[in-house]
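Novice:
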Amino acid sequence: MSRIRVEYTGLISFIGGIISVFTGIFFSLIITRTVTPEEYGTWGLILGLITYVVLIGPIVSYWSTRDTARNIESGKTAILSSLVISTAAISIYIVISYFMSYYTNVEQNILLFAAILIPTMFINGILTAINLGWKPHAIAYGTLSYGISSIPIALFFIYYLDFGVTGIIISVFLSNIISIIILFYYAKEKLRNKFNKTILKKWLKFSWIPLYPGIPVLVAGLDISIFTIITGSVIGIAFWTAAMILPSIISHTALISRAIYPKLLEEKTKEFLTENLTLVFYFGIVLVSLVIVFAKPGLYVLNPIYEIASPVAIILSFQVFLLVLTNIFLLSLAGVEKVDKSEKSTFKDYIKSKLIFPQTIRLIQTSIYTTILTIGLVILVGYGSSNQELLIFWASIALVTQIPLVCVLYYFVQKNMEIKLEISRIVKFVLTAVAVFGLTYFLTNQFLIYSPDIISFIPSVLLFSSLGIGLYIIITYLIDNKIRNLVHAIIYEIKTKKS
C-alpha cells in the first residue's frame, strides 16, 4: 500500500499554508511598517538575485525526490552534495551583487551580507526534496515553523533593534535554521545511509536535466533586474514586492497538489488527478476573489503608501493562479515520465521526454515575456511614465503571456493522463464566488473605515474577509456533494487523530 496519501497530504499542506499566510503577512507588516521604501526595494532586489543562484540546487534536489520516492537510499549523498553546490552558488551571487550595485544605488555591503541566506536555503531545499518523496506532509511543518518563528525574530531585529535590511536578512536566516531542524527530524530515517559516489556521478552526469527547467525560471526572474536597471531605482521594486504579498497567498493553492509528483513516481494510480485539480480550482477561486476584493485594504494595512499598487495586486492574482496551474502540469508530466529508469536511455530520449520538452515550451514563453517587458519599459520610461503605470504594464504582460502556456501544458497533460476539467463544478464555484464576494465588496465599501490605527483596522478587514470565505464554504457545501464529502472527511480525520 502506498505511504503517500494525496488528499490528506494536500489538505495538511494547504491548512499549514493558510496559517503561514497569516504569519507571512504579519512578518511583511513588521517590515513594511518599519523600513523605508528604498530599504524594502533593496530587500526585493536581494530576493530576486538569490533566485538566480538557487536555481542550481535542483542538480541534487531534483533527483533526490525521485530516488527517495522509488526507495533508492541517497539522503546523505544529497545533503553533502548540496552543501558543496551552495558554495558555488555563493560565489556566483557575489559576482552578481557587484554588478547590480554598480548599476543601481543599492549599498554593496548589504547585498554581500545577504549571501549568508544561500547555504540555509540550499539545506532547507534538499531536506524539503527528501521529505517530498518520503513524507510530503512534513514539509508543512517546516513551513509553519519558519513562519511562526520569523515573527518574534523580526520584531526583535527589525522593529526593536531597527536593523533595517540587515535585520530582515538575519530574521530570514534564523527562521530557515529552525525550519531545517524540523525538516531534518522528519527526514532523519532517510539520512542514515552512506555517501554514495555512484549516485552522485549519475546526478552530475545528468545534471543538465534538472538545470534545464531552471533556465525559463531564470529568464523570467530577470524581470526584477530589468526593471531596476531601466528605471535606475529600487522604489518601483518596493511597490512590486508589496503588491506581490497578497497574490502570493494564492500560490499556497499548489499545496493541494503537493503529493501528486511523488505519487505518480510510485506509479500506483492516476485516478486522483481530476478531483485534485478541481480542488485546486475550488481553493484558488476563493483566494483570487479574496485578493481582488481586499487588494486596497490589504496594501493599506501593510503601509498606506503602497495602497496605489492595488490594481497591480489584482492583475497579479490571476497571473499567480495561472502560474500555480503551470507548475502542477509540469510536475504531473515529469511524474509520469520513466525515461530516467532505463540505463539505455539516450540523450535524444531525454530531449524528447516529458522532463525536457514541456520546459522548452516554458522557456519560449518566458523569453517572449522578458523581451516584451524590456522593450515596453524602455518605451514607457522614455515617455516619462509613472512607477504605477510601469508596474501595471509589467503585471499585464506577466498575465497575458502566461495564458497560452497554461493552455498548451493542459493539452499535453490530457494526452498523457486520466485528467479532465470538471467544468460544471468549477462554474458553480465561480458563480458562488462572484455572488459572495460581490456582496462582500459592497459591504466593505459601505462600512469599512480606513483608519491609521491598524490595531482597529486589521480586525475589521479580517471580519469582512472571514464573512466572504465563510459564505463561500457554506454555499458550496450545500450545492456540491463532493465538497460535502470533503468536509466530512476532514472532520473524520480530525476525530481519528484525537482518538
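One rule links them: number in the numbering used here = place in the sequence shown (from 1) + 1276. Positions of the beta carbon are idealized from the N, C-alpha and C atoms, including for glycine.
1. Quick check on this structure: which residue in Ser1304, Asp1729, Leu1724 has the alpha carbon closest to the alpha carbon of Val1737?
2. Please report the Cβ distance between Tyr1576 and Phe1515, rounded to the nearest whole angstrom; I am assuming they are in contact, meaning their Cβ atoms lie under 8 Å.
3. Could you spell out the range, first to last residue, of the alpha helix (DSSP H) harbouring Ala1514?
4. Taking all protein chains shown into account, decide if Asp1438 is buried (16 or more other Cβ within 10 angstroms of its Cβ) or exposed.
5. Between the region 1336-1343 and the region 1403-1414, do three or more beta carbon pairs fall short of 8 Å?
6. Considering only residues of the same chain and omitting the five flanking positions on each side of Ser1421, which have a CB-CB separation below 6 Å?
7. Less than 8 Å separating the beta-carbons of Ser1742 and Ile1521?
8. Alpha helix (DSSP H) containing Thr1677: first to last residue?
9. Check whether the region 1642-1659 and the region 1486-1501 touch, using three or more Cβ-Cβ pairs below 8 Å as the test.
10. What residue from Ala1391, Asn1400, Met1693 has the CA that sits closest to Ala1273's CA?
11. Do Ile1444 and Pro1313 have their beta-carbon atoms positioned less than 8 Å apart in this structure?
12. How is Asn1381 classed by DSSP in three states: helix, strand or coil?
13. Let me confirm a value: Glu1465 is counted as buried when at least 16 other C-beta atoms fall within 10 Å, else exposed. Which label applies?
14. Locate the alpha helix (DSSP H) running through Asp1756, then write down its first and last residues.
15. Could you check if Ser1775 is buried or exposed, using at least 16 other CB atoms within 10 Å of its CB as the buried criterion?
16. Can you give me the Cβ contacts of Val1329 inside the same chain, cut-off strictly under 6 Å, excluding the 5 residues immediately before and after it?
17. Specify, as a first and last residue, the run of the alpha helix (DSSP H) that Pro1428 falls within.
18. Using CA atoms only, rank isn't needed, just tell me which of Val1588, Lys1477, Val1371 is closest to Ile1673.
19. Suppose the cutoff is 6 Å on Cβ atoms and the five residues either side in sequence are ignored; what does the same chain contact list for Gln1664 look like?
20. Counting pairs of Cβ atoms below 8 Å between the region 1593-1605 and the region 1523-1533, do you hit three or more?
21. Going by the CB atoms, is the gap between Arg1701 and Thr1550 shorter than 8 Å?
22. Along the chain, where does the alpha helix (DSSP H) that runs through Ile1505 open and close?
23. Apart from the five residues just before and just after Ile1247, which ones in its own chain have a Cβ nearer than 7 Å to its Cβ?
24. Are the beta-carbon atoms belonging to Ile1434 and Val1562 less than 8 Å from one another?
25. What residues in its chain sit with their C-beta under 8 Å from that of Leu1719, if we drop five residues either side in the sequence?
26. First and last residue of the alpha helix (DSSP H) that includes Leu1566?
27. When the Cα atoms are used, what is the spatial distance from Asp1499 to Leu1666?
28. Using three-state DSSP, classify Arg1792 as helix, strand or coil.
29. Val1441 and Thr1318 look like a contact to me (Cβ under 8 Å); what is the Cβ gap, rounded to whole Å?
30. Please determine if the region 1688-1700 and the region 1601-1613 are in contact, where contact requires at least 3 C-beta pairs separated by less than 8 Å.
31. For Ser1732, count the other beta carbons within 10 Å of its own beta carbon; 16 or more makes it buried, fewer makes it exposed. Which is it?
32. I think Gly1409 touches Ala1345, with their Cβ atoms under 8 Å apart; what is that distance to the nearest whole Å?
33. Measure the beta-carbon distance from Leu1476 to Thr1646 and round it to whole angstroms, keeping in mind my assumption that it falls under 8 Å.
34. By Cβ distance below 7 Å, which residues in the same chain neighbour Val1564 in space, the five residues on each side in sequence not counted?
35. Counting only the same chain and skipping the five closest in sequence on each side, list residues whose C-beta sits under 7 Å from that of Phe1688.
36. Using a 10 Å radius around the Cβ and a threshold of 16 neighbouring Cβ atoms, would you call Trp1670 buried or exposed?
Specialist: In short:
1. Taking the sequence shown and counting its residues from 1, the one referred to as residue 1737 is at position 461. When Ser1304, Asp1729, Leu1724 are compared, the shortest CA-CA separation from Val1737 is found for Leu1724.
2. Your numbering for residue 1576 matches position 300 in the sequence shown. Your numbering for residue 1515 matches position 239 in the sequence shown. That belief does not hold up - the Cβ atoms of Tyr1576 and Phe1515 are roughly 13 Å apart, past 8 Å.
3. The residue you call residue 1514 lines up with position 238 of the sequence shown. Per DSSP, Ala1514 is one residue of the alpha helix (DSSP H) stretching across 1511-1521.
4. Stepping through the sequence shown from its first residue, residue 1438 is reached at position 162. By the neighbour-count rule (16 or more Cβ atoms within 10 Å), Asp1438 is not buried but exposed.
5. Yes: at least three Cβ pairs fall under 8 Å.
6. Position 145 of the sequence shown holds residue 1421. Same-chain partners within the cutoff: Ile1454, Ser1455, Ile1458.
7. One-based indexing of the sequence shown puts residue 1742 at position 466. One-based indexing of the sequence shown puts residue 1521 at position 245. Against a cut-off of 8 Å, the Cβ pair of Ile1521 and Ser1742 comes out as no contact.
8. In the sequence shown, the residue the question calls residue 1677 occupies position 401. Run containing Thr1677: 1663-1692, per the alpha helix (DSSP H) assignment.
9. With the cut-off at 8 Å, the region 1642-1659 and the region 1486-1501 touch.
10. Since the displayed the chain opens at 1277 and closes at 1775, residue 1273 lies outside it and no answer follows.
11. If you number the sequence shown from 1, residue 1313 lands on position 37. If you number the sequence shown from 1, residue 1444 lands on position 168. The answer is no: Cβ separation not under 8 Å.
12. On the sequence shown, residue 1381 is found 105 positions in, with the first residue counted as 1. Correct three-state label for Asn1381: coil.
13. For the purposes of this step, residue 1465 is taken as residue 189 along the sequence shown, with counting starting at 1. Exposed, because fewer than 16 other Cβ atoms sit within 10 Å of the Cβ of Glu1465.
14. Here residue 1756 refers to the residue found at position 480 of the sequence shown. First-last for Asp1756: undefined, no H or E at that position.
15. Here residue 1775 corresponds to residue number 499 of the sequence shown, with the count starting at 1. With a pLDDT of only 47 at Ser1775, under 50, the local geometry of the prediction cannot be trusted, and the value read off the model is given with reservation. Taking every protein chain shown into account, the CB of Ser1775 has fewer than 16 other CB atoms within 10 angstroms, so this residue is exposed.
16. One-based indexing of the sequence shown puts residue 1329 at position 53. Sequence-distant Cβ neighbours of Val1329 in its own chain, meaning closer than 6 Å and more than five residues away, are Ala1365, Ile1368, Tyr1369.
17. As a working note, residue 1428 is residue 152 in the sequence shown. From DSSP, the alpha helix (DSSP H) with Pro1428 extends over 1414-1430.
18. Position 397 of the sequence shown, counting from 1, holds the residue named residue 1673. The residue with the shortest Cα to Cα distance from Ile1673 is Val1588.
19. Working through the sequence shown from its first residue, we reach residue 1664 at position 388. A distance below 6 Å between beta-carbons, with the five flanking residues on each side excluded, links Gln1664 to the following residues of its chain, in chain order: Ile1584.
20. Segments in contact, yes.
21. On the sequence shown, residue 1550 is found 274 positions in, with the first residue counted as 1. On the sequence shown, residue 1701 is found 425 positions in, with the first residue counted as 1. Cβ distance not < 8 Å, so Thr1550 and Arg1701 don't count as in contact.
22. Here residue 1505 is taken as the residue at index 229 of the sequence shown, counted from 1. Counting along the chain, Ile1505 sits inside the alpha helix (DSSP H) bounded by residues 1490-1507.
23. Look at the range of the chain in this structure, 1277 to 1775, and you will see that residue 1247 is not part of it.
24. Here residue 1434 refers to the residue found at position 158 when the sequence shown is read from its first residue. Here residue 1562 refers to the residue found at position 286 when the sequence shown is read from its first residue. Contact flag unset, no.
25. On the sequence shown, residue 1719 is found 443 positions in, with the first residue counted as 1. Correct list, in chain order: Phe1740, Leu1743.
26. Locating residue 1566 in the sequence shown gives position 290, counting from the first residue. Run containing Leu1566: 1549-1578, per the alpha helix (DSSP H) assignment.
27. In the sequence shown, the residue the question calls residue 1499 occupies position 223. In the sequence shown, the residue the question calls residue 1666 occupies position 390. Each residue's alpha carbon lies about 12 Å from the other.
28. What the structure shows of the chain is the stretch from 1277 to 1775, and residue 1792 is not part of that stretch, so it cannot be assessed.
29. Locating residue 1441 in the sequence shown gives position 165, counting from the first residue. Locating residue 1318 in the sequence shown gives position 42, counting from the first residue. Indeed they touch by this definition, with Cβ atoms about 5 Å apart.
30. Taking a cut-off of 8 Å for Cβ pairs, the region 1688-1700 and the region 1601-1613 touch, as three or more such pairs fall below it.
31. On the sequence shown, position 456 is the one that residue 1732 refers to. Burial call: exposed.
32. The residue labelled residue 1409 in the question sits at position 133 within the sequence shown. The residue labelled residue 1345 in the question sits at position 69 within the sequence shown. Right, the Cβ-Cβ distance comes to about 4 Å (below 8 Å), so this counts as a contact.
33. As a position in the sequence shown, residue 1476 is number 200, starting the count at 1. As a position in the sequence shown, residue 1646 is number 370, starting the count at 1. The C-beta separation of Leu1476 from Thr1646 comes to about 34 Å, leaving the pair out of contact by the 8 Å criterion.
34. Along the sequence shown, one-based indexing puts residue 1564 at 288. Annotation for Val1564: Ile1526, Ser1593, Phe1594, Phe1597 place their beta carbon closer than 7 Å to its own, counting only its chain and skipping 5 residues before and after.
35. Reading the sequence shown from its first residue, position 412 is the one you call residue 1688. Correct list, in chain order: Leu1609, Pro1634.
36. If you number the sequence shown from 1, residue 1670 lands on position 394. It is buried - the Cβ of Trp1670 has at least 16 other Cβ atoms within 10 Å.
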